[in-house]
Every structure is written in structure tokens, then in C-alpha cells.
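The next block holds one structure in the form of C-alpha cells; read it before the comments.
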Ligand SMILES: Nc1ncnc2c1ncn2[C@@H]1O[C@H](COP(=O)(O)OP(=O)(O)O)[C@@H](O)[C@H]1O
Ligand SMILES: [Mg+2]
């Protein structure tokens, strides 16, 4: 057996983290499977504690921020992202990590800053301050093109699909020419059709025909088509802003299955959803935004829906977790 596998170290939070301990289960204990990771977690704990002491208690509600508990280097790391629109402070000092093969749900009340954060990562808005790193290297994302180049694709609420074109045309829209230098000439219709069918099949996306006009598809199929487009172009990260908001129950399930398949294919997914049940069904980790700040960053199986609601609303949770 690998020595690392046998070595488990537990890191206990102290000070203000103890008050949140119960929320993380068993006194806020963070299990790390290797010594190195434990050391990193310890450093994170110290950094997190400093941050907590540094005045995150301002609004007097949730008193400190649970630690990030995912392991390994994240594919995408946002640090200290702030954004203001004139006098409106939409985001303040937001950190977000996303690993490949991970689904992170971004939750929060209306106006919490979820869409703004996604827009910043996808290059349709720029942060007032903060950094974004991909695979450990800082990147400048100033346009959707920059985001694509960094392996990040976004499926927007309005989807940006063309109803009057078929599925194949939508998947290749605006990129036909990009391929020409690679393959010598623009792809043939038959080749585009083949690639479209292959990517849809790999994601178990069922549509009547790749030649169906997108305008004739159901909401779930349209959503799936938009996700298929992201996967076709080799993205590593897919950002989904409220993908199920306009869908019926069966279609919502289709989209959530698709999210799981993206994860199983090794992509990272950021999912914005108002539906906590869905969030718990599919997300590995939850990041709660409240008034533009990260109110919590927790593994899905380590919190209850009530606790998440408390983070979302800023209800006082300090009494819930008294622990020696
Ligand atoms: N383009 C904009 N101009 C001015 N204010 C904006 C703009 N976009 C978002 N905001 C404000 O930023 C805050 C966060 O909004 P948003 O990111 O849309 O929240 P969420 O997606 O969580 O509902 C809100 O107060 C919103 O009114
Ligand atoms: Mg929004």
C-alpha cells in the first residue's frame, strides 16, 4: 500500500472556526488523505483564520468562512475578485476554485453576485480587481475568446443559439473558419455532422436529429445543445447560469444528468441554481455568495439544506455549532 494512503491527518479549526464546527460535521474536522495536503490545509486554515479576523464579520451574520476542502491544484482559481458598477459593489474579494471532475454550485439570493462572477470568468465583464489563474498560471480574460482559449465555456440563460439553424450549424457557428488552417479546408457538412453526432452521443444527449432546427427543440434539448457546443470545442470548464430555470421537471433532470456526465468526462462545472434540491443532487461543493461576498465554501455532503439557507440569508448560525 502506498504510504500516503495510510496516512491520515486531521486538522482542527480553532478560534472563530470552532463556532462553525458543527456545520462541517464532527467539530469541523477536515480529513486530508496525505501529509502534504494536510500541511496545505493547515496553511489554508491559518490564512483563512487571518482573513476571518480581518473583518469578514462586518455584517454580523455568518461569522466566518468555512475552508475549501477540495484536494489538489484547482484548474481554475479566482482570487480576490471585486467588481463595482459605479456605486454598486457587486462582488467583494471573492475566491473561487474549480477542479477538473468537480461540480461547484454557486448559490445565493437574487443580486448576490452570481451572474457577475460567471460573467467575469467568461470574459463578458472584467473585474475591478482580483486575479484568475488557470492551471496555476495567471491569465487575462478580457473577452469570451480569451475564456475559450483558457478552456472555459459558458452556457448563458438565453443560450445564444440560433433558432433558425440546425444543431450542426449551431455547434459550428462562427468556428468553421477556425478549423480551416488545421484541416486544410473548411470542414465538409458530412464531417461536421459526424462530429456533432459523436459529441452528442458521448454526452447521451438525445435529439430528434442533428439536422433539426434548434427552434423546434425542447428547452432541455436546447440547453443540451449549448452544452454540446462547449464540449465539442474542447473546453475544460463549463459555466452554467441557471440552466434549469425555465425547464419542466423531466427536462431539468436531463440537464442535471448532463452536468454529471460532464464531470464524469473530467470537466469542471460551475452551476448556478436557485434549486437547492438540485444543488444537493449534483454538486460536490457549494459556494454561497451573499451580498457579493463568499459566505460559505463547503462540501455538499457536509452541510444541510437549512445551513445553506442560513448562509444564503445571513441568518445567525453561530449558536448552532458550539463545540469544545
Ligand atoms: N450591468 C450592471 N450594471 C449595474 N449593476 C449591475 C449590473 N449587473 C449586475 N449589477 C448589480 O450587481 C449585483 C449582483 O448582480 P448579479 O450578479 O446579477 O446577481 P445574481 O446573479 O446573484 O442575482 C446586483 O446588485 C445587481 O443589481
Ligand atoms: Mg443571476
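In this note's numbering, the protein residues as written are 409 to 732. We treat Cβ as the ideally placed atom computed from N, Cα and C, and that holds for glycine. Note that the structure is predicted; figures quoted are calculated from it, not measured.
Check, Outcome
"What does the Cβ neighbour count give for residue 491, buried or exposed, with the cut at 16 atoms within 10 Å?", "buried"
"Residue 707: which of 722, 691 and 714 sits nearest, CA to CA?", "691"
"Whose C-beta lies closer than 6 Å to the C-beta of residue 561 among residues of the same chain, with five residues either side of it excluded?", "638, 643 and 646"
"Below 8 Å, can you find three or more Cβ-Cβ pairs linking the stretch 676–685 to the stretch 508–518?", "yes"
"State the Cα-Cα distance for the pair residue 634 and residue 563, rounded to the nearest angstrom.", "6 Å"
"Of the choices 571, 660, 572 and 600, whose alpha-carbon is the least far from that of residue 580?", "600"
"Tell me, please, whether the stretch 568–579 touches the stretch 610–626 by the rule of three or more beta-carbon pairs shorter than 8 Å.", "yes"
"Heavy atom of ligand 1 less than 7 Å from the Cβ of residue 532, yes or no?", "no"
"Measuring CA to CA, which of 667, 673 and 703 is closest to residue 688?", "667"
"Return the CA-CA distance between residue 501 and residue 699, expressed in angstroms with no decimal places.", "11 Å"
"For residue 528 and residue 506, I'd like the C-alpha separation in whole angstroms.", "15 Å"
"Once you ignore the five residues that flank residue 568 on each side, which residues in its own chain have a CB closer than 8 Å to its CB?", "634"
"With a threshold of 16 other CB atoms inside 10 Å of the CB of residue 672, please say whether the residue is buried or exposed.", "exposed"
"Identify the residues that DSSP records as bridge partners of residue 701: which are they?", "698"
"Apart from the five residues just before and just after residue 559, which ones in its own chain have a Cβ nearer than 8 Å to its Cβ?", "483, 542, 642, 643, 644 and 645"
"Could you check the C-alpha separation between residue 495 and residue 537 for me, to the nearest Å?", "15 Å"
"Is any heavy atom in ligand 1 found nearer than 7 Å to the beta carbon of residue 520?", "yes"
"Under the rule that 16 or more other beta-carbon atoms within 10 Å means buried, what is residue 702, buried or exposed?", "buried"
"Return the first residue and the last residue of the alpha helix (DSSP H) that residue 665 is part of.", "657–672"
"Please state whether DSSP places residue 467 in a helix, a strand or coil.", "Note that residue 467 scores 39 on pLDDT, short of 50, meaning its location in the model is unreliable and no value can be drawn from it."
"Kindly indicate which three-state DSSP category residue 476 falls into: helix, strand or coil?", "Its pLDDT being 45, under 50, residue 476 is placed unreliably in this model, and the value from its coordinates should be taken loosely. If DSSP states are grouped into helix, strand and coil, residue 476 belongs with coil."
"Considering Cα atoms alone, identify which of 649, 640, 630 and 534 is closest to residue 662.", "630"
"By the DSSP assignment, the beta strand (DSSP E) with residue 561 in it spans what residues?", "560–563"
"From the DSSP secondary-structure annotation, give me the bridge partner or partners of residue 497.", "492"
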